[in-house]
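Residue numbers (this note's numbering): 11 to 266.
Glycine included, each C-beta is placed from N, C-alpha and C at the ideal position.
The structure presented is a predicted model; accordingly, all values stated were derived computationally and were not measured.
Have a look at the structure below before the remarks.
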């Protein structure tokens, strides 16, 4: 069984990619309402933003494609490690890696930093069970690991992770495609209230497999949290609702 000793004062946290690499005065929400702060995705080497059309609204939400831009591990560490150490809210660093070797190198660089509670390991879209297990094994160390599964392959990957002894997972938003203003097709992840009915049956399926799911997607109102709780989840990640400057009342779901 892998290390899973994560304890949260509140059941809510932000999803990776929503509030930056560390809280600052520009963040429109009270960070103390969150049980953990999840960083933007961090890759070993710098990544540039996606080119072309990146945001397509539609009824019920929007499609977003960013490419997960970031300045790379060493720059993130240099800029933000001091701020992580000063936070009252524990930090979970989201690792964006392509290979087990990259995962291991990143964990060794970060796991001794003050304020870092654990890691969220984002699996690449093409990951199969063998790669997922290898990346999880590479992430093992002094800090617990949450595995973030691609929505489209979550049940299959979850079965393999369960067999490997891992239990705690989160879910990436579903992927989709829409025509942009000029008619060109834009691929990206889906956000907004429309995501809730897609995620709820998946959360229930994963819970029935024995996984502990950090549920997220489509949470805008307290009743959305209650719906996820009814599906079995006890921890929750908030995404686009945070850009409105509000956090749904987590007291409805209690504390972990």
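Exposed unless 16 or more other CB atoms sit within 10 angstroms - verdict on residue 68: Looking up residue 68 in the chain shown gives position 58. The residue in question, residue 68, is exposed, as its Cβ has fewer than 16 Cβ neighbours within 10 Å.
Locate the alpha helix (DSSP H) running through residue 170, then write down its first and last residues. The residue labelled residue 170 in the question sits at position 160 within the chain shown. 164-174 is the extent of the alpha helix (DSSP H) around residue 170.
Are the C-beta atoms of residue 86 and some chain B residue less than 7 angstroms apart? The chain labelled as chain B is not found in the depicted structure, where only one protein chain is given.
Helix, strand or coil for residue 287, going by three-state DSSP, please let me know. Any answer about residue 287 is impossible in this case: the structure gives the chain only from 11 up to 266.
Anticipated Cβ contact below 8 angstroms, residue 177 with residue 209, distance rounded: Within the chain shown, numbered from 1, the residue matching residue 177 stands at position 167. Within the chain shown, numbered from 1, the residue matching residue 209 stands at position 199. Actually they do not touch by this definition, with Cβ atoms about 19 angstroms apart.
Can you tell me whether residue 254 is buried or exposed, with buried defined as 16 or more other CB within 10 angstroms of its CB? The residue labelled residue 254 in the question sits at position 244 within the chain shown. Exposed: under 16 other Cβ atoms inside 10 Å.
Enumerate in chain order the residues of its own chain whose CB-to-CB distance from residue 79 is below 7 angstroms, with the five nearest sequence positions on each side excluded. Locating residue 79 in the chain shown gives position 69, counting from the first residue. Same-chain partners within the cutoff: 57, 58 and 59.
Contact between the stretch 24-40 and the stretch 109-120: three or more CB pairs below 8 angstroms? no
Beta carbon of residue 163 nearer than 7 angstroms to that of residue 219: Here residue 163 is taken as the residue at index 153 of the chain shown, counted from 1. Here residue 219 is taken as the residue at index 209 of the chain shown, counted from 1. Cβ atoms of residue 163 and residue 219: not closer than 7 angstroms.
Alpha carbon of residue 265 to alpha carbon of residue 257, nearest angstrom: For this step, residue 265 is matched to residue 255 along the chain shown. For this step, residue 257 is matched to residue 247 along the chain shown. Reliability of the predicted coordinates at residue 265 is poor, the pLDDT of 42 falling under 50, and no value is obtained from them.
Identify whether residue 44 lies in helix, strand or coil by the three-state DSSP scheme. Your numbering for residue 44 matches position 34 in the chain shown. Of the three classes helix, strand and coil, the one that applies to residue 44 here is coil, per DSSP.
Going by the beta-carbon positions, is the gap between residue 39 and residue 252 smaller than 7 angstroms? Walking along the chain shown from the start, residue 39 turns up at place 29. Walking along the chain shown from the start, residue 252 turns up at place 242. Going by C-beta atoms, residue 39 is nearer than 7 angstroms to residue 252.
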